[in-house]
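The numbering used here applies: residue 55 is where the sequence shown begins, and numbers increase by one.
Positions of the beta carbon are idealized from the N, C-alpha and C atoms, including for glycine.
A quick note: this is a predicted structure, and the numbers were derived from the prediction, not measured.
Below: one structure, written as structure tokens.
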Amino acid sequence: MRRVRDNKSICDNNGFLNEYAIGWNDIPFKDCSINQSFLKKKKWNQYVWIGKDFIFNFVISDLGHCSIIHADFYNLKDDIKISKIYRHPIIKYIVIDDKINSYAHYKGKRKFINILRSSGYLNLDLKIDNFDITSTIYLDYESLNVLIPWDVEHFHYTSKHMNLITKGILRIGNHQYDLSDSRCFIDYGRGVLKRQCDREWLTSYFTNEKHEHISINLGTKYTDYTGVNENALKIDDKIYKFDSDVDFNYNNDGTIDIKSTRDDEINLKFKPIISDIKPDNIKVFKYKLKQIVGHLSGYVMYKDKKINFNNEIGWCENHFAKW
């Protein structure tokens, strides 16, 4: 898979795919703006805090014809799920900068989101009904950045930031959770997507006996037959790219086998402990989102070394959308 050596723009001045930028890099692309009709282009920021006892997921998205905000909390000790979703038919309420690791803002009735960049970290303040979070997220220099081509008019840029140190407090009603006990994972999406899109995504992390911080990002379906993928390993602050695509195979017992399509780079099994399906159909589009919290076991190979995953906490999404 081609590595893009320069900081590229994802599209040309006419809003078409920049073919010279197809591939991946370990730093964000310089220009993620898209010069097309606002109804066609889509962008989102997703933040996931993963701890041993809880997971909190938050997405702010501008889909052109509408905007969506949703937040999800999973208490892994007590099997508690809380979700909030809000839709607006127009996007004037939401501001998301085109750049990666930059600002986003929203203000509405009983809802407030403010995300600001300050040197090497993000400050995030969020208030959505009974969700209240204040967090500082410390950014690493390296991240996973991939430009995925479908044709000259349809493409998607993803920027994944894994296993980030964070601090702050998450309050839900009368309960509060220390975010220092979690790690933050960020997914930035910018692109002109096809009318129908199907995506599977998994991320997980742990600290091994050598005190190395290991995390993984795996994705499939929407990258199939494009020549690129978003499969990578992160060890401490370094990104290592997998060459192979992966398949997610669903077993009758609910487990998911995740294996590389060639060689023996990836051989994992994901065992769900909590799952939640969120279908949504509105006039302008429909989608179905399945979120799964579970444990990841197996191994991956890089540079002739085997990295073992032993029942590590993980987050998985299966997402279908028709815009």
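Short of 8 Å in beta carbon distance, which residues of its chain neighbour residue i, apart from the five on each side in sequence? Order them along the chain.
i	result
T220	W103, S189, T190, I191, Y192, L233, S234, S236, R237, C238
I81	N61, Y195, E196, S197, N199
N67	N89
P203	L71, E73, I76, F209, T280, G281, V282
Y356	L287, Y294, F296, E319
V149	Y157, A158, H159, Y160
Flag this pair as yes or no: are the beta carbons of residue i and residue j separated by less than 8 Å?
i	j	result
Y128	I328	yes
R244	D151	no
E207	V246	yes
N168	D186	no
Y242	T212	yes
K376	F339	yes
I240	H215	yes
K84	S63	yes
Between which residues of its own chain and residue i is the CB-CB distance below 6 Å, once the five residues before and five after are set aside?
i	result
S258	I270, L350, E366, G368
K181	F166
Q345	D330, E371
E254	T274, K275, F302, N372
S314	S298, V300, I320
F70	V206
N111	V102, D126
H267	N217, T261, D290
F363	L350, S351, G352
G378	Residue 378 lies beyond the range of the chain shown here (55 to 377); nothing can be said about it.
D107	L130, K131
Using the beta-carbon count (16 or more within 10 Å), is residue i buried or exposed?
i	result
S137	exposed
K131	exposed
Q250	exposed
I226	buried
I310	buried
I223	exposed
Y279	exposed
I134	exposed
N72	buried
Y231	buried
D183	exposed
S173	exposed
D116	buried
N99	buried
Tell me, to the nearest whole angstrom, how far the beta carbon of residue i is from that of residue j; I am working on the premise that it is less than 8 Å.
i	j	result
H124	I109	The pair is not a contact, with the Cβ atoms about 14 Å apart (cut-off 8 Å).
A286	K295	5 Å
I320	V354	5 Å
P333	G308	So it is not a contact: roughly 19 Å between Cβ atoms.
K323	F374	With 8 Å as the limit, K323 and F374 do not qualify as a contact, their Cβ atoms being about 23 Å apart.
Y160	I114	6 Å
Note down, in chain order, each residue of its chain lying with its Cβ closer than 7 Å to the Cβ of residue i, except the 5 sequence neighbours on either side.
i	result
G77	M55, R56, R57, V58, L201, V282
R171	N155, S156, Y157
K292	E196
G162	Y147
D252	K275, Y276, F374
N79	R57, V58, N199
C86	I64, D152, K153, I154, Y211, R244
D317	S298
K248	W204, H208
S360	It is worth fixing the name first, because residue 360 is Lys in this sequence and not Ser. Taken in chain order, the residues that qualify are Y353.
R164	D183
N305	D311
Would you check if there are 3 or more beta carbon pairs closer than 8 Å linking the segment 339 to 358 to the segment 85 to 95? Result no; under three Cβ-Cβ pairs closer than 8 Å.
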